[in-house]
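Everything on this sheet refers to the single structure shown next.
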Amino acid sequence: MKYNLQTGEFYSNVEDVEYATKYIKDVISIYEKPEVAEEVLEQVTYEVQVHNPHGEIEGALQFGTSRIKAGDINGEFFMTKGHMHEVANRAEYYLCLSGKGLLLLMDEERKTTAIDMSEQSICNIPGNVSHRLVNIGEEDLVVLACWNSDAGHNYEQIATEGFSVRVFKTENGYIIKEV
Ligand code: PAN
Ligand code: ZN
1 MKYNLQTGEF YSNVEDVEYA TKYIKDVISI YEKPEVAEEV LEQVTYEVQV HNPHGEIEGA
61 LQFGTSRIKA GDINGEFFMT KGHMHEVANR AEYYLCLSGK GLLLLMDEER KTTAIDMSEQ
121 SICNIPGNVS HRLVNIGEED LVVLACWNSD AGHNYEQIAT EGFSVRVFKT ENGYIIKEV
């Protein structure tokens, strides 16, 4: 198997790669103002592909790509759902392949740090930290990730309490607003 560092795609004898597509309708509840036209709900907002040959084995690693489309919902930029890991102490590496984004990292005291992500930005996400990618650019934001196979995803806390900041479009770029 091969991996294209330009596009973030696995290719050639692709095995053990899982693909997931998120539509706006799947994640609309994460936005501050979720009122949108019916046809917007059917649009793709991000795609994930993950190579995990060993299953959820302690000590094993998985590796994948997240591709977040450019766009916004009533001024709030497209973003991932965001999560903490199910096994909360599991860390993760993110490496940006292309695009322009922010990586929001929120600790257990709800303190959020926004890290700039552009080509070649690399970030080590510690355990016990919720993480979300926000596309603040006009192209796809493509990010490679590597983390433990047994980490899992805990979406509950973010679904109910959200992050402590939101990122909105402005005339010149973006603004991070505390909520
Ligand atoms: C990533 C994320 C991916 C999609 O692979 O799962 O970017 O984001 P959500 O899972 O929040 O929808 C990762 O951080 N894995 O642990
Ligand atoms: Zn993660």
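Going by our numbering, 171 is the number at position 171 of the sequence shown; the sequence numbering is gapless.
Glycine residues also receive a C-beta, built at the ideal position from the N, C-alpha and C atoms.
All values reported here derive from a predicted model rather than from experimental measurement.
- Remark: the shortest separation between the CB of residue 85 and any heavy atom of the ligand PAN falls under 8 Å.
- Proximity of the beta carbon of residue 145 to the ligand ZN is indicated: a heavy atom of the ligand is located closer than 8 Å.
- Residue state for residue 24 is assigned as helix, using DSSP reduced to three classes.
- The continuous beta strand (DSSP E) containing residue 113 extends over residues 112-118.
- Separation of the CB atoms of residue 154 and residue 83 is rounded to 6 Å, and the pair is thereby assigned contact status at 8 Å.
- Membership of residue 178 in the beta strand (DSSP E) is indicated by the continuous run 174-178.
- For residue 54, the CB stays at least 8 Å from every heavy atom of the ligand PAN.
- Counting along the chain, the unbroken beta strand (DSSP E) around residue 47 starts and ends at 44-51.
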